[in-house]
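> The following block contains the structure, expressed as structure tokens.
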Amino acid sequence: MRFLLQKGAKATIPPDFDSDNIPLLLAAKYRDLEIIKLLLDFKADPNSRDMFGKTALHVMGLAVAVPYQYKNAPEIAKLLISKGARALKSADGEGGPNGETPLTLTKSQLNIIQSPEASYWRDLPFYNELVNSLKSLIDIYSKL
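Here it is in structure tokens:
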């Protein structure tokens with residue numbers, strides 16, 4: 043990726059690009075700290091939105107039943123916020139999907155996976171890491 047960016051590939055997708063495959067959001071989904079740093083170094087917009095209105099901070103707050111590097115989430119969130127990402131409002135001042143901000147989305151995801159009916163989530167081997175990640179994000183977003 044570094045090679046492509048150094049050769050002129052753009053780190054930011056135009057706002058009218060109708061896709062959910064936004065590089066910064068994909069890196070956030072996988073909690074890939076190094077790729078996020080690289081994209082931000084090459085001026086990726088920390089408030090880039092996909093076709094559904096989600097930003098990287100929204101994606102970080104999604105509970106996904108895949109063993110991503112959840113431990114990286116707090117550092118990534120702090121980095122994105124330091125570069126101008128908005129946790130309480132999205133780039134246009136509105137909430138993301140369904141009007142949700144990254145903070146409200148993360149809180150609702152945590153409530154879902156901790157509900158008594160969510161035995162599926164509790165059976166995942168990385169459940170505690172996921173819960174701790176979401177709690178850390180809520181703490182970070184709440185202090186803004």
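So for the sequence shown, this note's numbering puts the first residue at 43; every next one is plus one.
The C-beta atom is built at its ideal place from N, Cα and C for all residues, glycine as well.
So is the beta-carbon of Ala105 under 7 Å away from any non-hydrogen atom of the ligand FAD?
With respect to small molecules bound, the structure shown includes none, and the ligand FAD cannot be examined in it.
> By a C-beta neighbour count over all protein chains shown, 10 Å radius and 16 as the cutoff for buried, is Gly154 buried or exposed?
One point to set straight first is that residue 154 is Ile, not Gly, in the sequence displayed. Exposed: under 16 other Cβ atoms inside 10 Å.
> Whole angstroms are fine: how far does the CA of Ile78 sit from the CA of Phe193?
Given that the chain is displayed from residue 43 to residue 186, the structure contains no residue 193 and the question cannot be resolved.
> How many angstroms separate the CA atom of Lys177 from the CA atom of Leu104?
Computed Cα separation, rounded: 12 Å.
> Taking the alpha carbon of Pro88 as the reference point, which residue from Pro109, Tyr110 and Leu121 has its own alpha carbon closest?
Considering only alpha carbons, the answer is Leu121.
> Just to confirm, is the Cβ distance from Leu147 to Leu186 under 8 Å?
No, the pair does not count as a contact, with Cβ atoms beyond the cut-off.
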